[in-house]
Amino acid sequence: MFSRHSVASVAGAMLAVLAIAGCASTSRVPPTRIDYDKKADFSVYRTYGFPKETGTDRGGYSTLVTTYFKSSISTAMDARGYKYSEDHPDLLVNFYMNTKDRTETRSAPMAGYGYYGYRYGLYNAWPMYDEDRTVTYKVGTINVDIVDAEKKQLIWEGVSEGRMSDEAMANPKVTVNAVVTELMRQYPGKPNM
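Each step along the sequence shown adds one to the number in full-length UniProt numbering, with nothing skipped, and position 182 is 182.
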């Protein structure tokens, strides 16, 4: 059956899917940032492919998340005029996901609570009557790396990070597609035909 390592890998991958699912929804994609090699000539690349083991395949097999990423990336690269090559691509496209808990302390007026609750609705209490609340939530991050396959050198990377939403967690395929589409929209390259 499955080893404990492969079960842990599947669980980790699914947790990452849930985290990234929060990064996007059908209506809103979280902030993105890109960086690229300013000296790279993107027009010389004509083909793309994927590494043998992507960042989402740490258990030795392909996950559903990997399938979602490959489909979205292929759509974006094909639309730009690149051709897929399994054996000798000019570019390798890799992708990663990560999730982490983020904790914030927020200050809010006690509004109607405590000794001065009788003021509720008339005006706010002095700041010394504020209460601090600690809020913990999940943040998901997606990275898409594009590498010159021959030189083994990163030429472009896109990163998207955002708070998870219930809507996005319920639709991981849609979420991955939305984030990848937004990141790849910012990719500067097209093959010179």
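Just so you know, even glycine gets a beta-carbon here, dropped at the ideal spot from N, CA and C. Since we're looking at a predicted model, the values are computed, not measured.
Checklist entry - In terms of residue numbering, what span does the alpha helix (DSSP H) encompassing ASP87 cover? => result Counting along the chain, no alpha helix (DSSP H) covers ASP87, and no H or E run does either.
Next on the checklist: Is the separation between the beta-carbon of LYS157 and that of ASP145 shorter than 8 Å?
Outcome noted: Before going on, a small fix: residue 157 reads as Glu here, not Lys. In this structure, ASP145 lies closer than 8 Å to GLU157 by Cβ.
Next on the checklist: Taking the beta carbon of ASP57 as the centre, do at least 16 other beta carbons fall within 10 Å, making it buried, or is it exposed?
Outcome noted: Buried, because 16 or more other Cβ atoms sit within 10 Å of the Cβ of ASP57.
Next on the checklist: What does the Cβ neighbour count give for THR141, buried or exposed, with the cut at 16 atoms within 10 Å?
Outcome noted: Buried: at least 16 other Cβ atoms inside 10 Å.
Checklist entry - With respect to the beta strand (DSSP E) encompassing THR32, which residues constitute its N-terminal and C-terminal limits? => result Annotation for THR32: the continuous beta strand (DSSP E) segment containing it runs 32 to 36.
Next on the checklist: For SER74, report the span of its alpha helix (DSSP H) as first-last.
Outcome noted: DSSP places SER74 inside the alpha helix (DSSP H), whose first and last residues are 64 to 79.
Next on the checklist: Within the continuous alpha helix (DSSP H) that includes THR181, where are the two ends?
Outcome noted: Start and end: 172 to 185.
Checklist entry - Using the C-alpha atoms, what's the distance from PHE95 back to GLY55? => result Taking C-alpha positions only, GLY55 is separated from PHE95 by approximately 5 Å.
Next on the checklist: For THR99 and LYS138, which I take to be in contact (beta-carbon distance under 8 Å), what is that distance rounded to the nearest angstrom?
Outcome noted: Their Cβ separation, rounded to whole angstroms, is 6 Å, which keeps THR99 and LYS138 in contact under 8 Å.
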